[in-house]
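These protein sequence lines are chains A and B, in that order.
If you use our numbering, the first sequence closes out at 117, no skipped numbers anywhere.
If you use our numbering, the second sequence closes out at 1541, no skipped numbers anywhere.
Everything below concerns the one structure shown next.
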Amino acid sequence: NAGVMQNPRHLVRRRGQEARLRCSPMKGHSHVYWYRQLPEEGLKFMVYLQKENIIDESGMPKERFSAEFPKEGPSILRIQQVVRGDSAAYFCASSPGSLNEKLFFGSGTQLSVL
Amino acid sequence: DQQVKQNSPSLSVQEGRISILNCDYTNSMFDYFLWYKKYPAEGPTFLISISSIKDKNEDGRFTVFLNKSAKHLSLHIVPSQPGDSAVYFCAASTSGTYKYIFGTGTRLKVLA
Chain A
4 NAGVMQNPRH
14 LVRRRGQEAR
24 LRCSPMKGHS
34 HVYWYRQLPE
44 EGLKFMVYLQ
54 KENIIDESGM
64 PKERFSAEFP
74 KEGPSILRIQ
84 QVVRGDSAAY
94 FCASSPGSLN
104 EKLFFGSGTQ
114 LSVL
Chain B
1430 DQQVKQNSPS
1440 LSVQEGRISI
1450 LNCDYTNSMF
1460 DYFLWYKKYP
1470 AEGPTFLISI
1480 SSIKDKNEDG
1490 RFTVFLNKSA
1500 KHLSLHIVPS
1510 QPGDSAVYFC
1520 AASTSGTYKY
1530 IFGTGTRLKV
1540 LA
């Protein structure tokens, strides 16, 4: 039973390019979360999705960032026109969706913007 | 507004002694709390959780204590081992919201 899979592990982009981060939740999990960790900081909530629905995106920057979790395929976190300040580790987590369930995290994608 | 705070960025403990990591929260609606451990270049892994109906939960060397009136929880590791060296995050949520708020983490170093 594979865990939460994120790819790529490392992503290098130049300023102005687009970054796409992928996350496949654990089998049987229908809830996906994205968190961002800036250097020397904690995990900041970005967005929480269920299949085909964004439930809570209160942590997402208003511009350039978007997330989806389609009926088929992985969840995608998309960052358009990246800037140096977007450089961070982006973690995806999944859960079965029941109340008080722990989150299972992927290994993260380290985004570096040159 | 940091609703979950870990005021000690780092902690060093001798092997075999007790490690105590602290976490404070401001939102009285939080009723479920978790601790995660994170090694470099890896994702956080779940350690232990506690519901607000309890004040203590134990799992092997790990015990979490919850003081609701003080809005404070702590993670005790005893005895500490070098392999426990990692960053520890506490997280909190409110039932029904599915949203987990994480603290800034405490880097624990267990000295052999």
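Ideal Cβ positions, reconstructed from N, Cα and C, are used throughout, including at glycine.
Through-space distance from residue j to residue i, alpha-carbon basis
i, j, result
"A:S69", "A:M63", "8 Å"
"B:L1440", "A:E75", "44 Å"
"B:S1481", "B:F1462", "8 Å"
"A:R25", "B:Q1435", "30 Å"
"B:N1486", "A:V116", "42 Å"
"B:S1503", "B:Q1510", "18 Å"
First through last residue of the beta strand (DSSP E) which encompasses residue i
i, result
"A:N10", "M8 to N10"
"B:I1447", "No beta strand (DSSP E) contains B:I1447, which DSSP labels as neither H nor E."
"A:Q113", "T112 to V116"
"B:S1522", "A1515 to S1522"
"B:L1537", "T1535 to L1540"
"B:S1498", "Element bounds for B:S1498: n/a, residue is neither H nor E."
"B:E1487", "K1485 to D1488"
"B:K1466", "Y1461 to K1467"
"B:I1477", "T1474 to S1480"
Buried/exposed call for residue i, threshold 16 Cβ in 10 Å
i, result
"B:T1455", "exposed"
"B:D1488", "exposed"
"A:V86", "exposed"
"A:Q9", "buried"
"B:I1530", "buried"
"B:L1540", "exposed"
"A:L41", "exposed"
"A:S61", "exposed"
"B:S1514", "buried"
"A:G88", "exposed"
"B:A1499", "exposed"
"A:R12", "exposed"
"B:A1521", "buried"
Where residue i meets chain B, residues with beta-carbon distance less than 7 Å
i, result
"A:E44", "T1533"
"A:S110", "E1471 and G1472"
Under 8 Å by beta carbon: chain A residues contacting residue i
i, result
"B:F1518", "G45 and L46"
"B:P1511", "None at all; the shortest Cβ gap to chain A is about 22 Å."
Contact set between residue i and chain B, taken where Cβ atoms lie within less than 9 Å
i, result
"A:G31", "None at all; the shortest Cβ gap to chain B is about 16 Å."
Partners in chain B for residue i, counting only beta-carbon separations shorter than 8 Å
i, result
"A:I58", "Y1527"
> In chain order, which continuous runs of the beta strand (DSSP E) of length 3 or greater are located wholly inside the segment 11-80 of chain A?
Replying inline: 13-16, 22-27, 34-40, 46-53, 56-59 and 68-71
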